[in-house]
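Those protein sequence lines, which keep their order, are chains H and P.
The first sequence runs 24 to 332 under this note's numbering.
The second sequence runs 62 to 239 under this note's numbering.
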Amino acid sequence: MKQVACTECQQLAPIGETLLVKQQHVCSSCVEGVLAQAAEKGITKNDVFRASDPTVCTQCKADNGAEELPHLAGMPVCATCEDRFRNRPYPTWLKLAFIGLLTLAVFSFGWNWRFLAATREIHQMQRALLKQDFERAANFADQASRHVPEIPEFAGMAAFNHGLDALAKDQAAQAVDYLRKAKQSPNSGQLPEVDLFLLRAEAIAAFDAKQYDDYLAKAKALIGRTPGDSSAVAMVASAYACKYAVTGNEEFRNEALKNLERAAKMAGKDPDAANYRERILYRIDTREILTRKEFERRFPHGYQPKAKP
Amino acid sequence: MIIIPGFLIALVTFPGVIVHEAAHLFFCKLRRVAVFDVCYFRIGNPSGYVIHEVPDSFTSSFLIAVGPFIINSFLCVLFCFPALVPVRMFNQPDPLCYFLIWLGISIGMHAFPSTQDAKVLWQQAKKAAAKFNPLALLSFPLVILIYIANLLRILWADYLYGFAIGFVIPEMILNRML
């Protein structure tokens, strides 16, 4: 601690206990007298400061003996206090609140993880659909539906994709069940062409069940919905060919050939359409109704038809 | 347009004010800048403050001024993210989601450095730019942006920023990633 002589009484006093009045040290005993004459001596508020002892810490008042302390913002501060200023701790309530909220966010993240998983699965489903991989698409939609059962649209999507998969695998009856389920799901209007796929599945299911009148009715309904679709016209030809095969009625044969010619013109050089055409012509030639699999087994290199449309 | 007094907004979004001041303090501690007083929240103007010594390097001044922008933006994303998918994508919110959204957006809304922060940064940048400090030169347009952002608060720019940083951008990133 440093001492200084008071300019009024000349007594030594600790610097920290004096005031600087117009740059002169005045001890606490004399200061009242000096300030009482402030007006006469021309002393203003700006002329009075508390003197700072460079050897005493402003914050904790620790005495550093004769050695001066380093200054922080113009004030002498000991090493401990300086460290406290430079590394001011966060209050406990703030730390606890932060940990609590972070825990809540982590918990919420875990709790809502299934939504993130479902989002990912729906994206994967869309990618699989672009590749026409209906089985994978259906599996992803199933997983999304399991993760978020609150959204019945996912179950609808899963049923729709299963329906498309069954249709692609010639399992028409199964496809009908799935597609009917998809159609009954909420927002089924957002499923692309669900009515058309269902109609197509019902038509094929009727063929599989050998209900050829129903097959013809469904195929005609399909044309009504998609007049420009060559496969629908070919399906009508197929239905007439089935009816000819069963009854031998020439009228059905002529209708089959007429529709087949129309379908051929619409399809152009589509290889699938050509294969389907051969199968129908075989049916007209022989009055034997073969499934696609059986036809492909018997005629792996194609069929040379006798009947000409 | 609805004009709501600033203190009411600060009151409703008080976690953002606390995080803003805590972010200033974090960078003061990081750069060993002495802090003399901290007020995390109060009803008044400003609604919070940190009084610190004048840093001896411009990098410290810069970090202390823009610290809340970094920390508040990060925490806004962190707290909004768990609620993002169920609320935005599936419309399946729960009370915890609503709480996290309020918390996240409140924090995001206070990400902009204040005009006081910008003023201090401007003064420090002028001194540092005289010594050709590249960060100081880059700070001038940033300070202008901070002033503009603060002016646009009247048009809810702070809320829009919180919403964008908490929801729109993470949603876009999520959709690209998945």
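Positions of the beta carbon are idealized from the N, C-alpha and C atoms, including for glycine.
{"query": "Can you have a look at Lys266 of chain H and say buried or exposed, based on whether 16 or more other CB atoms are within 10 angstroms of its CB?", "result": "buried"}
{"query": "If Met170 of chain P sits next to Tyr220 of chain P, beta carbons under 8 Å apart, how far is it from one beta carbon to the other, in whole angstroms?", "result": "6 Å"}
{"query": "Would you be able to state if there are at least three C-beta pairs under 8 Å between the region 313 to 327 of chain H and the region 73 to 89 of chain H?", "result": "no"}
{"query": "If I follow the unbroken alpha helix (DSSP H) through Cys32 of chain H, where does it start and stop?", "result": "Taken as a continuous stretch (DSSP letters only), Cys32 of chain H belongs to no alpha helix (DSSP H), as it is neither H nor E."}
{"query": "Around the Cβ of Ile230 of chain P, are there at least 16 other Cβ atoms within 10 angstroms (buried) or fewer (exposed)?", "result": "exposed"}
{"query": "In this structure, what does DSSP give as the bridge partners for Pro37 of chain H?", "result": "H:Gln26"}
{"query": "Could you give the first and the last residue of the continuous beta strand (DSSP E) run that contains Asp98 of chain P?", "result": "96 to 100"}
{"query": "Return helix, strand or coil for Tyr305 of chain H, following the three-state DSSP convention.", "result": "helix"}
{"query": "To the nearest angstrom, how far is it from the Cα of Leu117 of chain H to the Cα of Cys137 of chain P?", "result": "17 Å"}
{"query": "Listed in chain order, which residues of the region 82 to 114 of chain P have Cβ atoms closer than 8 Å to some Cβ of chain H?", "result": "Ala83, Leu86, Cys89, Lys90, Arg93, Val94, Ala95, Val96, Phe97, Val99, Tyr101, Glu114"}
{"query": "How far does the alpha helix (DSSP H) with His81 of chain P in it extend, from its first residue to its last?", "result": "75 to 91"}
{"query": "Please classify Cys53 of chain H as buried or exposed, where buried requires at least 16 neighbouring CB atoms within 10 angstroms.", "result": "buried"}
{"query": "If you follow the beta strand (DSSP E) that Arg109 of chain H is in, where does it begin and where does it stop?", "result": "No beta strand (DSSP E) holds Arg109 of chain H; the alpha helix (DSSP H) holding it covers 102 to 109."}
{"query": "How is the beta strand (DSSP E) around Arg73 of chain H delimited, first residue to last?", "result": "71 to 73"}
{"query": "I need the straight-line Cα distance from Asp218 of chain H to Val127 of chain P, nearest angstrom please.", "result": "58 Å"}
{"query": "Keeping to the same chain, check which residues put their C-beta closer than 6 Å to that of Ala257 of chain H; ignore five residues upstream and five downstream.", "result": "Ala286, Tyr299"}
{"query": "Quick check on the DSSP output: the alpha helix (DSSP H) that includes Leu213 of chain P runs from which residue to which?", "result": "First-last for Leu213 of chain P: undefined, no H or E at that position."}
{"query": "Is the Cβ-Cβ distance between Lys25 of chain H and Asp86 of chain H less than 7 Å?", "result": "no"}
{"query": "Take Leu19 of chain H and list the residues in its own chain whose beta-carbon comes closer than 6 Å to its own, dropping the five residues that flank it on each side.", "result": "Past the edges of chain H, shown from 24 to 332, lies residue 19 of chain H, and the structure says nothing about it."}
{"query": "Find the residues of chain P that neighbour Val171 of chain H, judging by a C-beta separation of less than 8 Å, and give them in chain order.", "result": "Phe151, Gln153"}
{"query": "DSSP three-state label for Leu313 of chain H, please.", "result": "coil"}
{"query": "In chain P, which residues lie with their C-beta within 9 Å of the C-beta of Phe72 of chain H?", "result": "Neighbours of Phe72 of chain H on chain P: none; closest Cβ ~19 Å, over 9 Å."}
{"query": "In chain H, which residues lie with their C-beta within 7 Å of the C-beta of Ala210 of chain P?", "result": "By Cβ distance, chain H contributes nothing, its closest Cβ being about 26 Å from Ala210 of chain P, past 7 Å."}
{"query": "Is the Cβ of Ala128 of chain H closer than 7 Å to any Cβ of chain P?", "result": "yes"}
{"query": "If the criterion is Cβ atoms closer than 7 Å, does the pair Leu240 of chain P and Ala144 of chain P meet it?", "result": "What is shown of chain P runs 62 to 239, which leaves residue 240 of chain P out entirely."}
{"query": "Can you give the Cα-Cα distance for Glu114 of chain P and Leu127 of chain H, rounded to whole angstroms?", "result": "36 Å"}
{"query": "List, in chain order, every chain H residue whose beta-carbon is nearer than 8 Å to that of Leu161 of chain P.", "result": "Leu127, Ala128, Ser131"}
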